[in-house]
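The structure under discussion appears below in the form of structure tokens.
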Amino acid sequence: MKKFCILVLAGLGALSSCKKDPASFKVTTQAINEAVYASGEIMPAEYEVMKAITSERILKILVAQGDQVQKGQVLAVLGQPSQNAQLDILGKQLRLARQSASDSSARARELRQKAVLARKQYQQDSIEAQNYRELAAEKAVPAQEAEHRTIKARASLTEYNNLQYQYQALLDDQKENVLSVSSQLAQLRELRETHMLTSSIDGKVFSIYHTEGGTVTAGEPIMLAGSAGRFKLELLVDERDIAQVKLGQKVFFETDAFAGKQFTATVSKIVPVIQKENRSFKVEASVAGTAGFFPQSSVEANILIRQGNALAIPSTFLLPGDSVWTAGPGGKVVKQNLNTGLRSGQWTEVKSGLKAGDFVYEKAP
619 MKKFCILVLA GLGALSSCKK DPASFKVTTQ AINEAVYASG EIMPAEYEVM KAITSERILK
679 ILVAQGDQVQ KGQVLAVLGQ PSQNAQLDIL GKQLRLARQS ASDSSARARE LRQKAVLARK
739 QYQQDSIEAQ NYRELAAEKA VPAQEAEHRT IKARASLTEY NNLQYQYQAL LDDQKENVLS
799 VSSQLAQLRE LRETHMLTSS IDGKVFSIYH TEGGTVTAGE PIMLAGSAGR FKLELLVDER
859 DIAQVKLGQK VFFETDAFAG KQFTATVSKI VPVIQKENRS FKVEASVAGT AGFFPQSSVE
919 ANILIRQGNA LAIPSTFLLP GDSVWTAGPG GKVVKQNLNT GLRSGQWTEV KSGLKAGDFV
979 YEKAP
């Protein structure tokens with residue numbers, strides 16, 4: 619846990635000294651701010667780190683670092699080269715299966731033509747059998763001949779029905795084959811789609827961590843894409859300080875990429891789940907302005923948690939045990955115990971023990 623205070627002191631003119639007397643300071647009310655320390659990194663306001671779901675080979679990278687991308691755009695393709703060949707084979711099989719499943723296929727035409735001829739033959743044999751039965755009833759032909767014609771008509775009907783069944787079975791088998799190949803093709807395409815890295819935002823490609831042909835393991839980052847020109851801080855705040863952090867608080871931060879410059883942000887999100895590995899909470903802050911920050915750059919920040927006025931004295935005037943030399947009754951210099959608050963490198967807040975207008979001395983006269 620690290621806190622700091624920003625003391626904006628206007629009473630520096632009250633600090634005085636001369637050759638004979640020790641340095642003195644007139645206690646006045648000063649502006650004082652309290653802040654909580656946090657560290658983390660700067661990231662695009664919206665971003666996604668694209669990762670491999672399983673161990674895969676990078677077949678194609680379709681963008682370059684710095685490219686602008688749109689939501690839904692495919693940025694890279696993962697998988698195995700053999701999957702392309704499988705797609706081609708299944709595609710051809712599906713086209714052939716659809717052709718075979720139609721009435722215009724050679725086998726279907728053959729069976730249909732045979733069925734037409736068999737139907738004509740049955741009609742002819744049926745008429746002939748009926749005629750012979752009538753003649754046999756009149757004793758014009760033997761009964762055996764009429765029976766023979768009837769059996770022949772039944773055989774013709776069986777042949778016709780058999781061809782009809784073969785024709786329908788052929789169509790059913792071919793349709794089932796179409797469904798089977800279609801299912802295999804859909805599964806392979808779905809597998810390919812899950813191996814396509816697609817942008818979920820409009821923005822910019824900030825970083826590409828691998829090259830085409832390389833292999834990545836499950837969960838390994840492949841590229842970083844995010845919003846261009848808008849950034850946020852992802853900070854870690856110690857669990858002992860998190861209760862003091864609120865939405866809307868101002869954040870002052872620095873990053874090594876812009877050494878010596880201070881920037882501002884505003885707390886926009888507090889994740890209320892502790893990170894057990896470092897006993898910290900994640901806090902996000904929206905960065906003011908559109909400076910060209912570098913994503914994943916480290917930052918050190920101070921979250922302003924209190925602003926107000928307070929009494930403060932130079933820390934060099936403070937004696938061990940939190941006491942000071944001050945002017946007592948009759949102008950006599952005495953030691954006064956203090957109740958102190960925030961401390962910076964140069965200044966110490968005084969909560970009680972002194973009042974505005976009192977003089978304190980660096981040393982006893």
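No gaps in the numbering here: position 14 of the sequence shown is 632 in my numbering, and each next residue is one more.
Glycine is no exception: its CB is placed at the ideal position from the N, C-alpha and C atoms.
Coil, strand or helix - Pro579 by DSSP: Nothing about residue 579 can be reported from this structure: the residues present for the chain run from 619 to 983 only.
Expected contact under 8 Å - CB spacing of Phe911 and Phe849 to nearest Å: 5 Å
Whole-angstrom distance between Glu902 and Phe643, CA atom to CA atom: 42 Å
Three-state secondary structure (DSSP) of Tyr578: Residue coverage of the chain in this structure runs from 619 to 983, which leaves residue 578 outside it and unanswerable.
Nearest-angstrom Cα separation, counted from Glu918 out to Leu627: Interpretation of Leu627 is limited by its pLDDT of 44, a score under 50 that renders its predicted location unreliable; no figure is taken from the coordinates.
Coil, strand or helix - Tyr827 by DSSP: coil
Rounded straight-line distance, which links the Cα of Glu666 to that of Thr820: Before going on, a small fix: residue 820 reads as Asp here, not Thr. Straight-line Cα distance between these residues: approximately 11 Å.
Residue burial classification, Val863 (beta-carbon count within 10 angstroms, cutoff 16): buried
CA-to-CA distance, Gly878 to Lys981, given in whole angstroms: 37 Å
First through last residue of the alpha helix (DSSP H) which encompasses Arg725: 724-755
Residue span of the beta strand (DSSP E) that contains Leu677, given as start and end: Start and end: 674-679.
Cα-Cα separation between Lys969 and Ile650, rounded to whole angstroms: 12 Å
C-alpha gap between Pro839 and Met668, whole angstroms: 6 Å
Bridge partner(s) assigned by DSSP for Asp859: Its beta-bridge partners do not exist; DSSP assigns none.
Contact check, Ile931 vs Val654, beta carbons under 8 Å: no
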